[in-house]
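A.B. asks: The sequence shown begins at 1 in UniProt numbering and counts up one residue at a time. Where is the CB? At the ideal position from N, CA and C, for every residue including glycine.
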Amino acid sequence: MVENPLLTIKANKTHELEIKKSRFICNLRQIEDESEAKQLIAQISANNSKANHNCYAYVLGKSNEIQRESDNGEPSGTAGVPILEVLKKITSKMYWQWLHVILGA
């Protein structure tokens, strides 16, 4: 079996959306390890100290063996888990596209 390659995003991105006077800010960042993820989350929280919630998710490792998420005060399972599921779907899709190219299928 072919090992999952190291998949990452091409570039750091931030996107903001306003819905009914609520701001939703998405920060997509490349990280090397869990301590860097925690530092980044702390920095984003500090930069947005007036935010009611700072929900997040991240995946790390060759096989996405580290997966973390937080609802940060939102009802359980309504913010962090959906974010994590999107990240897992994206990395899974990227893996199968990579495998398709490698195997020439």
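Taking the C-alpha atoms as reference points, what is the distance between alanine 51 and serine 45?
C.D. replies: Rounded to the nearest angstrom, the two C-alpha atoms are 8 Å apart.
A.B. asks: Kindly indicate which three-state DSSP category isoleucine 66 falls into: helix, strand or coil?
C.D. replies: Reduced to three states, the DSSP call for isoleucine 66 is strand.
A.B. asks: Which whole-angstrom value is the C-beta distance of serine 35 and cysteine 55, which I expect to be below 8 Å?
C.D. replies: Not confirmed; about 20 Å, so no contact.
A.B. asks: Run through DSSP, which three-state label would asparagine 54 get?
C.D. replies: Note: asparagine 54 maps to coil in three-state DSSP.
A.B. asks: First and last residue of the beta strand (DSSP E) that includes asparagine 47?
C.D. replies: Asparagine 47 -> not in any beta strand (DSSP E); alpha helix (DSSP H) instead, spanning 34–47.
A.B. asks: Under a three-way DSSP split, which group does glutamate 18 fall into?
C.D. replies: Of the three classes helix, strand and coil, the one that applies to glutamate 18 here is strand, per DSSP.
A.B. asks: According to the neighbour-count rule (16 or more other Cβ atoms, all chains shown, within 10 Å of its Cβ), is glycine 80 buried or exposed?
C.D. replies: With 16 or more Cβ atoms within 10 Å of its Cβ, glycine 80 is classed as buried.
A.B. asks: Relative to the C-alpha of lysine 88, which residue among Val59, Lys38 and Gln30 is closest?
C.D. replies: Of the candidates Val59, Lys38 and Gln30, the one whose C-alpha sits nearest the C-alpha of lysine 88 is Val59.
A.B. asks: CB-CB under 7 Å to arginine 29, same chain, minus the five flanking residues each way: which ones, in chain order?
C.D. replies: Around arginine 29: Asn12 and Leu40.
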